[in-house]
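Protein chains in written order, with this note's numbering: chain A, 45 to 221; chain B, 45 to 221.
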């Protein structure tokens, strides 16, 4: 059920994501890591690159932007495709390390940046969505992590959409036949 | 993209699930653990109980049933509600321990039970779905794990459906407004 954002509840989730993804993916046979849902969709490997790009350009940079600029200057748009170039030639293990380092540093930065719950009402301007608050932005950080964990396990599960045979009917994650 | 089931690829996924769930959930503030999507839906705590019940009554018992009975005797139906009683009074940490122990034992048993890929074509009879194969059953074990990881992160993310404000539009996991 719906809840208000709180730093005390959110930070433990954000802190766990890198190790959750490492535990889920590191050392798995490559077909799980490079699987996609078809042309133009992302593999687990791609998703880790996307999360890295978010650590570099979205979550803390936009939080700083809100606190510095308020609504006067919209955020720079987020590049949803930057990771294809940035991840090229790197191993999954390297990407997982990078993500973990960036996330840890960003949570340390968050701790100095947002020191009171009144900061959560500070406003910024999203280039497409318009007025947003810092609390909404930080809530989105959490929901975005969880969404991409969900995406990764969905992509993996769908490798077995045909293999499960008639059980597909009981597994909505695999999509309707 | 769709793939054939293979033990070599499936076992590493099955083996990781208990630690993935422990990493994701153990020690989180309770509102994440007890969250549901409303009346009659399951919390992360409930899901771990359901996975335990599957280890006890579904995956290995039904694999043994297929190898012993073939199509002559249908499986006993799976109880989707057994965990509400079985989990009562237990802590999440206890459930995570139990799940990890049962899963490890079941994967050891799987290694002695299914020794060749020709076993994967052995047939059984599901009480509702009819004829199934051992390979389909084991594929379902994997997809079922991944489905419930997906469910847990969805339930968690939806705590912030309102809190993300206008970003909901970019987060299909939260459901349409």
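Cβ coordinates follow ideal geometry from the N, Cα and C atoms, glycine included. Small disclaimer: the values here were computed from a predicted structure and weren't measured.
State the start and end residues of the unbroken beta strand (DSSP E) segment that holds residue i.
| i | result |
| --- | --- |
| residue 176(A) | 174-177 |
Does the beta-carbon distance from residue i to residue j come in below 9 Å?
| i | j | result |
| --- | --- | --- |
| residue 194(B) | residue 217(A) | yes |
| residue 110(B) | residue 174(B) | no |
| residue 146(A) | residue 106(A) | no |
| residue 3(B) | residue 186(A) | An answer regarding residue 3(B) cannot be provided, because it is not within the stretch 45 to 221 covered by chain B. |
| residue 51(B) | residue 161(B) | yes |
| residue 182(B) | residue 103(B) | yes |
| residue 96(B) | residue 130(B) | yes |
| residue 94(A) | residue 127(A) | yes |
| residue 221(A) | residue 46(B) | no |
| residue 122(B) | residue 84(B) | no |
| residue 203(B) | residue 118(B) | no |
| residue 60(A) | residue 151(B) | no |
| residue 157(B) | residue 108(B) | yes |
Spatial neighbours of residue i within its chain, please: C-beta separation below 6 Å, excluding the five flanking residues on both sides.
| i | result |
| --- | --- |
| residue 165(B) | 177 |
| residue 155(B) | none |
| residue 142(A) | 96 |
| residue 189(B) | 61 |
| residue 148(B) | none |
| residue 125(A) | none |
Leaving out five residues on either side along the sequence, give the residues of the same chain with a beta carbon under 7 Å from the beta carbon of residue i.
| i | result |
| --- | --- |
| residue 80(A) | 86, 87, 199 |
| residue 77(A) | 69, 87, 88, 89, 136 |
| residue 179(A) | 49, 164, 165 |
| residue 212(A) | 205, 218, 221 |
| residue 172(A) | none |
| residue 115(A) | 167, 168, 169, 175 |
| residue 153(A) | 104 |
| residue 56(A) | none |
What does a CB cutoff of less than 8 Å around residue i pick up in its chain, not counting 5 residues either side in sequence?
| i | result |
| --- | --- |
| residue 140(B) | 62, 65, 66, 69, 70, 92 |
| residue 196(B) | 65, 68, 69, 88, 91 |
| residue 144(A) | 62, 63, 66 |
| residue 132(A) | none |
Where does the unbroken alpha helix (DSSP H) through residue i begin, and where does it stop?
| i | result |
| --- | --- |
| residue 91(B) | 88-101 |
| residue 74(A) | 74-78 |
| residue 52(B) | 51-69 |
Quick check: is any heavy atom of the ligand ZN less than 8 Å from the C-beta of residue i?
| i | result |
| --- | --- |
| residue 181(A) | Ligands displayed in this structure: none; no statement on the ligand ZN is therefore possible. |
Just by C-beta distance, which residues in the region 125-156 of chain B are closer than 8 Å to chain A? When CB distances to chain A are screened at a threshold of 8 Å, not a single residue of the region 125-156 of chain B falls below it.
List, from N- to C-terminal side, the beta strand (DSSP E) runs of 3 residues or more that fit wholly inside the region 117-189 of chain A. Along the region 117-189 of chain A, the beta strand (DSSP E) occurs as fully enclosed runs of 3 or more residues at 167-170, 174-177, listed in sequence order.
Anything in the region 93-105 of chain B with a Cβ closer than 8 Å to a Cβ of chain A? List those residues in chain order, please. Those residues of the region 93-105 of chain B that come within reach of chain A (Cβ to Cβ, closer than 8 Å) do not exist; the list is empty.
At a Cβ cut of 8 Å, what residues of the region 50-68 of chain B count as close to chain A, listed as they run along the chain? Residues passing the 8 Å Cβ filter: 52, 53, 56, 57, 60, 63, 64, 67, 68.
Members of the region 201-219 of chain A that neighbour chain B once the beta carbon cut-off is set at 9 Å: Correct list: 201, 202, 203, 204, 205, 206, 207, 208, 209, 210, 211, 212, 213, 214, 215, 216, 217, 218.
Could you please tell me which residues of the region 67-87 of chain A, in chain order, have their CB closer than 8 Å to any CB of chain B? Answer in chain order: 67, 68, 71, 72, 73, 75, 76, 79, 80, 81, 82.
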